[in-house]
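Chains as they are written, first to last, in my numbering: chain G, 1 to 202; chain E, 203 to 404. Here's the structure we're looking at; comments come further down.
There are 2 protein chains.
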Amino acid sequence: MARRLEGRLVVASHNPGKLREMRELLAPFSVEAVSAGELNLPEPDEIGTTFAENAALKARAAAVATGLPAFADDSGLCVAALDGAPGIFSARWAGPAKDFAAAIGRIERELALRGALDDAQRRAHFVSALVVAWPDGHEELFEGRVFGTLVFPARGDRGFGYDPIFRPDGHAATFGEMTSAEKHSLSHRAQAFALLKQALLD
Amino acid sequence: MARRLEGRLVVASHNPGKLREMRELLAPFSVEAVSAGELNLPEPDEIGTTFAENAALKARAAAVATGLPAFADDSGLCVAALDGAPGIFSARWAGPAKDFAAAIGRIERELALRGALDDAQRRAHFVSALVVAWPDGHEELFEGRVFGTLVFPARGDRGFGYDPIFRPDGHAATFGEMTSAEKHSLSHRAQAFALLKQALLD
């Protein structure tokens, strides 16, 4: 576990926003992030059954294809009263048009169908699983979670995805109402990245 | 919602054990259970993202194919520290050989990887989703859940699947150590069936 990240790191994502975020996070370190998109790497199917499996599938494929260490993440919202759904299907619930208003509507309907109308029945958490894979097969996993309560109707127009219905514990605002700096001080992704940083960068 | 089940009911399962169980449960009522296997119905792919979706896929396909009301269930184990996994993949984690010892070993390793070593970090629940679908498109969903703690090593050789690592709240024994009658007095499937019975049979 004493590996360090240095030199070039493939960010196994075709999402320009994620690449930009990783470049900002890695700026203080001697790591240069290059994206799977820039390298024309194919995107593997996310056929895993957990966040960690899906992140590992993507990181492993990019490391093997490039001979460089590779980073990937997978994340989503788990609603307790829905047995963890949408979970690894959080993006899929929004459909190809990325219609998160529809996905949020579905969560609200599914909760109502189960009589989950008060806060105690509307517990949820965001998960972020980060995996770094090396070409020799070594892999490291870092997970972050933030727990909170779902609120309806959605509140706030910041953030993205399910942020406007998620009120993290200890806060009155939803992720959709917080500034980017506030959200990043407590988010699942920030927690996972802090663990990665401690293990591989500092 | 004032429908009643009477006459022939297709049990959308190719599992003889499930058919037998349904026949026993339905014995007191004027319902005759016929199985999808006996009718040579194809098994639809379980491509849903929730237990309820998978049960509905199966029930709907059988109702459309036969013109009769059809019953299907989907169930599994959701481990809180694993974000609800294995969840709808509970059978898949055991592989084609139905090796639940291997699946239980995987749960134990995944918990250890996340430092989830004490009881409070080993919360889990079983879910059973039952769906009755009519040929006209009407559907009704009944869900049962039983909450408890995972124990390692596994205890007891009764039950099946993940039963030997699941100790339901308020009991010292695992499902694997209980008689069939004890388990059925509190199981997720029994709770879901009680709701179905109340709505459609009594």
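Backbone N, C-alpha and C define an ideal beta-carbon position, used for all residues, glycine too.
Check	Outcome
Sequence-distant residues of the same chain with beta carbon closer than 6 Å to A103 of chain G, five excluded per side	W93 and A94
Segments assigned beta strand (DSSP E), at least 3 residues, entirely inside the region 114 to 162 of chain G	123 to 133 and 139 to 150
DSSP three-state assignment for L227 of chain E, whether helix, strand or coil	helix
Cα-Cα separation between L201 of chain G and V31 of chain G, rounded to whole angstroms	9 Å
Contiguous alpha helix (DSSP H) assignments of at least 4 residues, all confined to the region 20 to 75 of chain G	51 to 66
Distance cut-off 7 Å: Q323 of chain E Cβ against heavy atoms of the ligand FAD	The model depicted lacks the ligand FAD and carries no ligand whatsoever.
Outcome for V79 of chain G when other beta-carbon atoms lying within 10 angstroms are tallied against a minimum of 16	buried
Delimiting residues of the alpha helix (DSSP H) encompassing F193 of chain G	H188 to L200
Beta-carbon proximity of A235 of chain E to V213 of chain E, cut-off 8 Å	yes
Contact list for P86 of chain G against chain E, beta-carbon separation under 7 Å	T251
L211 of chain E - containing beta strand (DSSP E), residue span	G209 to V213
Cβ distance (whole Å) where F349 of chain E is taken to contact H373 of chain E below 8 Å	Not quite, the Cβ-Cβ distance comes to about 11 Å (not below 8 Å), so this is no contact.
C-beta contact flag for A274 of chain E and A267 of chain E at 8 Å	no
Residue span of the beta strand (DSSP E) that contains F175 of chain G, given as start and end	Looking at the DSSP string, F175 of chain G is not in any beta strand (DSSP E), and its letter there is neither H nor E.
Residue-chain proximity (L332 of chain E, chain G), Cβ-Cβ < 8 Å	no
The region 82 to 91 of chain G in contact with the region 36 to 55 of chain G per 3-pair CB rule at 8 Å	yes
Endpoints, beta strand (DSSP E) assigned at R369 of chain E	F368 to P370
Inter-stretch contact at 8 Å, needing at least 3 Cβ pairs: the region 150 to 165 of chain G / the region 132 to 141 of chain G	no
Close Cβ partners of S185 of chain G (< 8 Å) along its chain, the five nearest in sequence each way excluded	none
For P298 of chain E, three-class secondary structure by DSSP	coil
C-alpha gap between I47 of chain G and K58 of chain G, whole angstroms	10 Å
Rounded straight-line distance, which links the Cα of G286 of chain E to that of A392 of chain E	21 Å
Proximal chain E residues relative to R92 of chain G, where beta-carbon distance stays under 7 Å	T251
Straight-line Cα distance separating K183 of chain G from A36 of chain G	27 Å
C-alpha gap between L241 of chain E and D301 of chain E, whole angstroms	29 Å
Within 9 Å of chain A by C-beta, residues of the region 303 to 324 of chain E in sequence order	Of the chains in the structure shown, none is chain A; the protein chains are G and E.
Under 8 Å by beta carbon: chain G residues contacting E424 of chain E	The displayed coordinates of chain E run from 203 to 404. Any statement about residue 424 of chain E would go beyond what the structure contains.
Beta carbon proximity, V329 of chain E to chain G, threshold 8 Å	yes
Cα-Cα separation between E24 of chain G and A199 of chain G, rounded to whole angstroms	18 Å
Residues that F291 of chain E contacts on chain G, provided the C-beta gap is smaller than 8 Å	T49
Neighbour list for L284 of chain E in chain G, Cβ cutoff strictly below 8 Å	T50
Cβ pair count under 8 Å reaching 3, the region 352 to 360 of chain E against the region 328 to 335 of chain E	no
Buried versus exposed call for D74 of chain G [16 or more other C-beta atoms within 10 Å across all chains shown]	buried
Contact under 8 Å by Cβ, L397 of chain E with G346 of chain E	yes
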